[in-house]
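Only one structure is covered here, and it is reproduced in the block below.
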Amino acid sequence: MRLAGFLGKSIVDRSGRDLGAIHDVRLVRDGPAIGSFGASYRIHSLIAGGPSIGVRLGLHREELRGPWPLTAIFRRVHAGIIAVHWNQIWSIEEEVVRLRSVLPAGEREPGSDDDRPTGDVVEAGLQLLDRQIIDVDGRMAGKVDDLDLEFSDEPRMPPRVVAIVMGPGALSNRIGGRLGSWIGDVYGRVAEEPSPAEISFGIVKRIDNHVELALPRDDLGIMGLEDWVRTRLISKIPGS
Amino acid sequence: MKKFFEIFLGILTAFGGFVDIGDLVANAETGARFGMSLAWVVVIGVIGIVLFAEMSGRVAAISGRPVFDVIRERLGARVALADLVASFLINFLTLAAEIGGLALVLQLATDLNYLLWVPLAAVAVWIVIWKLSFSLMEKIFGITGLLLVVTAVALWRLDPDWGRLLSDAAHPGPPATEKWPTYLFFAVALLGAAMTPYEVFFFSSGAVEEHWTRRDLMVNRANVYLGFPLGGLLSLAIMAGAAVVLRPRGISADHLSQMALPVAVGLGKVGLAILYVGMFAAIFSAALETALSAGYTVAQYLGWQWGKYVRPREASRFHLVVLVSIVASLGLVLTTIDPIKLTEYSIVLSAAALPLTYFPILVVANDPQYVDEYVNSRPTNVVGFAYLVLLLVVSIATIPLMIWTRVGA
Amino acid sequence: MRMRAWLLLFLLPACVAPARSAIDYEHKAVDTAEAVLSSVETGSLLARLSPEQAFTPFVSVGLSDAEAGAASARAVFLSLQPPDARSDGVRAELAPLLDRSDDALSRARIAARRGDLDALTGSADELSATAASLERFIARFG
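Residue numbers (my numbering), protein chains in the order written: chain A, 6 to 245; chain B, 1474 to 1882; chain C, 809 to 950.
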């Protein structure tokens, strides 16, 4: 399953009460090691409730000082945010994520009393998705269009992030709707491998305001279109 | 010393590169119809672009992330795609207007139909992008654009009633012969001409192209705080020239030839020759910027390698987008659509689209994750937020105004 | 759907609604007169520029543009159906002025391209006279 699949699903408690749409996923870096990255990111909780716009812009965070009217408005609006711990989840369905119990009104962080996230915590939508990927030589290598999750065999264990997924195949899901599926169809017909490109999270070196890889981009098999345009068109022009 | 020289060149480049076909058309048309009563909009527009460019330059210098990268990252793939489509289309219209403008200048100088010049202009733009280094390209055409200062010299030679000009400027509001909706429509056009989105895409991508770091923040501020307002003064000189030469005679500035009349009357042939070179350079500079911006926006949204700081073969998709945009603009101009009308549409629609680019930049310039300790100061945020509100109002009002006034008829 | 709406926007300014009343027709007549006046005044100014003040191509292009502008305004106005007898009168007054303007601008343009300075000066006078007539028309009906 892909991480962005969570975004937009509603969280519904045992009694059927709708707690809001998921607009981000909190990750904590306490999973089994992957490649040279070290401990992998695992899902800690799902962030939901209230309109998504301010959260996406990061306006609800304390470290953002201004502009004052925007931060004031969005902090008020996002006072209703809840963070649902992974162990509260009963099932993940097409449109909703169902919780195993009924949530008392006003409960801010259900299920996380015994497990406050410590260490490296990242909000996937805010800090990973749509970030620029840069390879070891400082060259651009695409965007983080989505993240691939690997579920553990143990039932209560949260899944961990194993790969960055990129390309029109992944982007089409993010865009969604008819436009998204049209893009996905066209790409499927045109591309040699219809499945989107994957970069193992094991070769990620660092996460900053962009994602740094430990390998050069040509080793990753993601430059198909670029290579095609270069060999067929651009290199034919003198001075390239 | 070297730093001082670098700053000096940067200011001159920003100064000379400020005016493009949009500013020329907007200021001349406004001066001819409304005198100086819309001069205040130019002031607002210049402050806006200074604010906006400084923020995006700062973000790019410290984080290495240019505008459209930030837009996608902040707004998410879906909303940013809508933003990309709108920005790309308006940028495309602007590129076509600039290429049309180049052809008009060449027609004015040679009396050969502008359509013949269009393909040459487009090819020239592409060749310069392909061959010249970023820095050289920017400086050569930006600094040559300084020749447009001839409009100010011509104005001075015309010996206008300065008191009258200033008093006109100090009393906003339509003159007796015009109505408020048309007045406001031209206000929107002037704002869109001064605060063009491509300027910001280019400026912030340019900061990455030239590998700016926090040590270059001073250069960024100097270029922007000094260069752009000086460019704004040129805009006002064009407006005043039209107010002094065209307005009293009832001449409206519908053609480039009419826009050049104040210089012809004030300085004669020499002035005209200088004006031709200045106009050509300034518009050429804008054409380069818009063509590159077409590539920057798409590549930065999709994460492709972009930029002139690598060899073309290392950024093939980016160069393909630039090439296709130039060819398509060429096609649009060759449909014989009036380049002046095309310019009018591009500046007005630019004004409507400003919040799309402006809002994410305002947010990110406050985010320590991007700019470390160089977050916006309180005063910057106050003015920044005021502009956000203004731009939203302008954006909402644009289409109704366009329809109501029949695009400023 | 949105695409069509956008296209409509671009076409809108090209549409000229028919004049529904005498007042409306008069307004359109005045607008036309003002537009043509702009061209005529431009022509007049250009024709008076000495060879030291302007290049021949500049004057030629300027006069061509002015001629094209006036011709277009004239064509649009003359294509309008006058709604009543009063409007017929307005049309009868303006139409000759439009013809004169068109004529004078053409002759100026031809003279400029040829480099015939005497003819150009003659045109300048003609254009000034036409401008004065247009101004009187505008003053009466505006």
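Beta carbons: idealized from backbone N, C-alpha and C, even for Gly. All values derive from a computational prediction rather than experimental measurement.
Against chain B, a Cβ distance below 7 Å from I78(A) picks out nothing, because the smallest value is about 11 Å. By the CB criterion at 9 Å, R1687(B) and D1845(B) fall inside the cutoff. Taking a Cβ-Cβ cut-off of 7 Å, the neighbours of D1727(B) in chain C comprise G877, given in sequence order. Sequence-ordered contacts of the region 1828-1857 of chain B with chain A read P1833, L1835, V1836, N1839, D1840, P1841, Q1842, Y1843, V1848, N1849, R1851, N1854, V1855 and G1857 [C-beta pairs closer than 8 Å]. H90(A) is bridged by DSSP to S50(A). At least one C-beta of chain B is nearer than 9 Å to the C-beta of R921(C). Annotation: the region 140-227 of chain A contains the following complete segments of the beta strand (DSSP E) (minimum length 3 residues), in chain order: 145-148, 151-155, 165-171, 202-205, 209-212 and 216-218. With 16 or more other Cβ atoms inside 10 Å of its own Cβ, A1666(B) counts as buried. Around V1856(B), the same chain offers I1520 and L1524 as residues with beta carbons nearer than 8 Å, after the five sequence neighbours per side are excluded. Following the DSSP letters along the chain, one finds S852(C) inside the alpha helix (DSSP H) bounded by residues A830 to R856. In this structure V1596(B) does not touch I1834(B) by the C-beta definition: roughly 34 Å separates them, more than the 8 Å allowed.
Distance between R222(A) and R22(A), taken at the CA atoms: about 46 Å. Just measuring C-alpha positions, the residue of A1501(B), P1648(B) and S1510(B) sitting nearest A1642(B) is S1510(B). The C-beta of Q93(A) comes no closer than 9 Å to any C-beta of chain B. For the set A1713(B), T1650(B) and G1714(B), the Cα lying nearest the Cα of D839(C) is the one of T1650(B). Think of a sphere of 8 Å around the beta carbon of I1600(B): no beta carbon from chain C falls inside it, the nearest being about 26 Å out.
For the options P1721(B), R1784(B), K1742(B) and N1696(B), the alpha carbon positioned closest to that of I239(A) is the one of R1784(B). Against A862(C), the close residues of chain B are A1737, G1741, K1742 and L1745, in the order they occur along the chain (beta-carbon pairs closer than 8 Å).
Using beta-carbon distances, V234(A) counts as an interface residue toward chain B, with a partner under 9 Å. Comparing C-alpha distances from I97(A) to each of D150(A), A84(A), I87(A) and L8(A) shows the shortest one belongs to L8(A). Within the region 150-161 of chain A, D150 place their CB atoms closer than 8 Å to a CB of chain B, listed in sequence order. When the Cα atoms are used, L69(A) and A1859(B) turn out to be separated by approximately 18 Å. Taking a cut-off of 8 Å on C-beta distances, the region 216-235 of chain A does not touch the region 1576-1596 of chain B, as fewer than three cross pairs fall below it.
The three-state reading of DSSP puts H28(A) in strand, counting E and B together.
Here the C-alpha atom of A26(A) lies approximately 49 Å from the C-alpha atom of V1498(B). According to the DSSP assignment, V17(A) belongs to the beta strand (DSSP E) that extends over S15 to V17. Looking from the CA of N92(A), the closest CA among N178(A), R103(A) and M6(A) belongs to R103(A). Take L1620(B), set aside five residues on each side of it, and the residues of its chain with a beta-carbon closer than 6 Å to its own are I1747, V1750 and G1751, in chain order. The C-beta of G189(A) comes no closer than 9 Å to any C-beta of chain B. Across the structure, R894(C) and S829(C) are spaced so that their CA atoms are roughly 10 Å apart.
Taking a Cβ-Cβ threshold of 7 Å, none of the residues of chain A is close to G1679(B); the smallest such distance is about 16 Å. For E128(A), the three-state secondary structure derived from DSSP is strand. Excluding sequence positions up to five before and after M145(A), its CB lies within less than 7 Å of the CB of Q137 and I139, all in the same chain and listed in chain order. It is roughly 22 Å from the alpha-carbon of A1662(B) to the alpha-carbon of F1676(B). Straight through space, the alpha carbons of V1797(B) and V1601(B) are spaced by roughly 15 Å. Shortest Cα-Cα distance from M1691(B) to any of L1734(B), A1534(B) and T1878(B) involves A1534(B).
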